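Asks:
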Amino acid sequence: MQEKLFEEMAQAIIDGESELAASLAQQSIDQGIDPLEAINKGFVIGVNQVGDAFNCGDAFLPELVMAGEAMKSAVAVLEPELNRRGTKREVMGKVVIGTVEGDIHDIGKTLVGTMLAAAGFEVYDLGVDVPVMKLIEKAMEVDADLIGVSALLTTTMVKQRDVIKAIQDSPLNGKVKVMVGGAPVTRAWMKEIGADGYSEDAIGAIAVAKDLLGKN
Ligand code: B1M
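The letter at position 182 of the sequence shown is residue 231 when you use the numbering used here, and the numbering goes up by one with no holes.
1) Does D192 pass the burial test, meaning 16 or more other C-beta atoms within 10 Å, or should it be called exposed?
2) With DSSP as the reference, identify every bridge partner of S199, one or two as the case may be.
3) Shortest alpha-carbon distance to V225 belongs to which of M239, L261 and K240?
4) Hey, would you say A200 sits closer than 8 Å to Q209, going by beta carbons?
5) How is G142 classed by DSSP in three states: helix, strand or coil?
6) So does K158 have its beta carbon nearer than 7 Å to some heavy atom of the ligand B1M?
7) Drop a sphere of 10 angstroms on the beta-carbon of I156, count the other beta-carbons inside from all chains shown, and report buried for 16 or more, exposed for fewer.
8) If you run the structure through DSSP and keep just helix, strand and coil, what is F92?
9) Return the residue from the list L202, E186, M239 and A70 that minimises the CA-CA distance to V144.
10) Report the CB separation of L195 from L184 in whole angstroms; it is logged as a contact under 8 Å.
11) I want to know whether the region 114-127 touches the region 62-82 - three or more CB-CB distances under 8 Å.
12) In this structure, what does DSSP give as the bridge partners for F170?
13) Just to check, is the beta-carbon of M228 closer than 7 Å to a non-hydrogen atom of the ligand B1M?
14) Can you find the residues in the same chain that come closer than 6 Å, C-beta to C-beta, to I94, ignoring five residues on each side of it along the sequence?
15) May I have the straight-line CA-CA distance separating V149 from M206, to the nearest angstrom?
16) Going by the DSSP bridge assignment, what does V179 pair with across the sheet?
17) Taking only three categories from DSSP, how would you classify K137?
18) Do the CB positions of G147 and V172 come within less than 8 Å of each other?
19) Go ahead and label F170 buried or exposed: buried means 16 or more other beta carbons lie within 10 angstroms of its beta carbon, across all protein chains shown.
20) Just how far apart, CA to CA, sit D272 and S67?
21) Near I82, which residues of its chain fall below 7 Å by C-beta distance, leaving aside the five closest residues on each side in sequence?
22) With F109 as the anchor, note down where its alpha helix (DSSP H) starts and where it stops.
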């Protein structure tokens, strides 16, 4: 039963059907399905398939755009439910998060921000294509404990290193932790650039953030 819904979700993303994706997301909420399960077992399967097809030359930019839009529509429907299910409410710490400059992928970053907010963090999501100094300035303004930096392209992940360098040259040095993530990012990359934490997915990001801020 759920498997069929998950398959329909993946297919809606592959077909770039935003309205259908949103309606399937709503159906999953009505059926009491965990929203994160709907994302991971349904929608993400579809978006990954489109990404792979794009990689092989079997799909083109319009398909990628439509899949991305459909994915966003589905996540927008699921977001309030993700928040609602979060077991708050001790404030765990303040997090400034964004996707690096030159990179407009926002689905995974937004999901990480939503999950952190649901877990009790105060999250300031600066969006996509965020210049290094904007992250630093916001972190100083709100007295952040953690900066989360997402990158989805091998060409933009180098900006994560720039964020760490800029922190070292700022009054934030030693005061703020940095978590990195995004499809091309690995633990080895985290170590190479001197970031404090890395997670490969949104659920893991909660544990990493708690760990970094001594909240586990
Ligand atoms: Co783009 N794109 N894209 N794209 N796109 C990828 C990333 C790519 C792998 C596709 C492919 O070729 N197979 C490829 C990158 C190749 C590379 O660098 N090695 C690629 C490319 C090449 C491009 C363009 C350059 C295409 C072009 O124009 N020729 C272009 C770049 C534009 C730019 O940024 N300057 C581009 C554009 C786009 C769209 C705009 C069309 C669209 C984005 C829409 C949007 O975000 N609003 C898009 C999409 C949809 C994708 C794929 C298919 C899906 C990304 C996604 O949303 N995944 C992607 C292929 C893929 O990854 N399978 C691809 C679902 C999301 C839930 O996962 O974002 O990985 P993800 O986030 C995960 C984890 O990574 C982690 O947790 C999240 C949740 O579990 N995570 C963190 C993410 N951030 C984190 C931060 C953390 C911790 C964990 O701490 C702070």
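Where a beta carbon is used, it is the ideal one built from N, C-alpha and C, also for glycine.
In this text the structure is predicted, and so the values were computed from the model without any measurement.
Replies: For this structure:
1) Translated into the one-based positions of the sequence shown, residue 192 becomes position 143. Exposed.
2) Residue mapping note: residue 199 aligns to position 150 of the sequence shown, counting from 1. Bridge partners of S199: T148 and G230.
3) Within the sequence shown, residue 225 is the residue found at index 176, counting from 1. When only C-alpha atoms are compared, the closest one is L261.
4) Here residue 200 refers to the residue found at position 151 when the sequence shown is read from its first residue. Here residue 209 refers to the residue found at position 160 when the sequence shown is read from its first residue. In contact: A200 and Q209 (Cβ atoms closer than 8 Å).
5) Indexing the sequence shown from 1 puts residue 142 at position 93. The answer is strand: DSSP assigns G142 an E or B state.
6) Numbered from 1 along the sequence shown, position 109 holds the residue referred to as residue 158. Flag set: Cβ of K158 near the ligand B1M.
7) Here the question's residue 156 lines up with position 107 in the sequence shown. Buried, because 16 or more other Cβ atoms sit within 10 Å of the Cβ of I156.
8) Taking the first residue of the sequence shown as position 1, residue 92 is located at position 43. Helix at F92.
9) One-based indexing of the sequence shown puts residue 144 at position 95. Per the Cα distances, E186.
10) Sequence index remark: in the sequence shown, residue 195 carries index 146 (1-based). Sequence index remark: in the sequence shown, residue 184 carries index 135 (1-based). With a Cβ gap of about 11 Å, L195 and L184 do not count as contacting.
11) yes
12) The residue labelled residue 170 in the question sits at position 121 within the sequence shown. Per DSSP, G142.
13) Counting from one through the sequence shown, the residue named residue 228 turns up at place 179. M228 Cβ: within cutoff of the ligand B1M.
14) The residue given as residue 94 occupies position 45 in the sequence shown. A59.
15) By 1-based counting over the sequence shown, the position of residue 149 is 100. By 1-based counting over the sequence shown, the position of residue 206 is 157. Spanning the two alpha carbons is a distance of roughly 8 Å.
16) For the purposes of this step, residue 179 is taken as residue 130 along the sequence shown, with counting starting at 1. Note: V179 sits in a beta bridge opposite V149.
17) Residue numbering aside, residue 137 sits at position 88 when the sequence shown is read from its first letter. Because K137 sits at a pLDDT of 46, beneath the cut-off of 50, its placement in the model cannot be relied upon, and the following sentence gives the value as read from the coordinates. If DSSP states are grouped into helix, strand and coil, K137 belongs with coil.
18) Locating residue 147 in the sequence shown gives position 98, counting from the first residue. Locating residue 172 in the sequence shown gives position 123, counting from the first residue. Contact flag unset, no.
19) For the purposes of this step, residue 170 is identified with residue 121 of the sequence shown, where counting begins at 1. That one is buried.
20) Outside the displayed span of the chain (50 to 265) sits residue 272, for which this structure offers no information.
21) Against the sequence shown, residue 82 aligns to sequence position 33. So the list reads Q51, once near-sequence residues are dropped.
22) Position 60 of the sequence shown, counted from the first residue, corresponds to residue 109. No alpha helix (DSSP H) holds F109; DSSP gives it neither H nor E.
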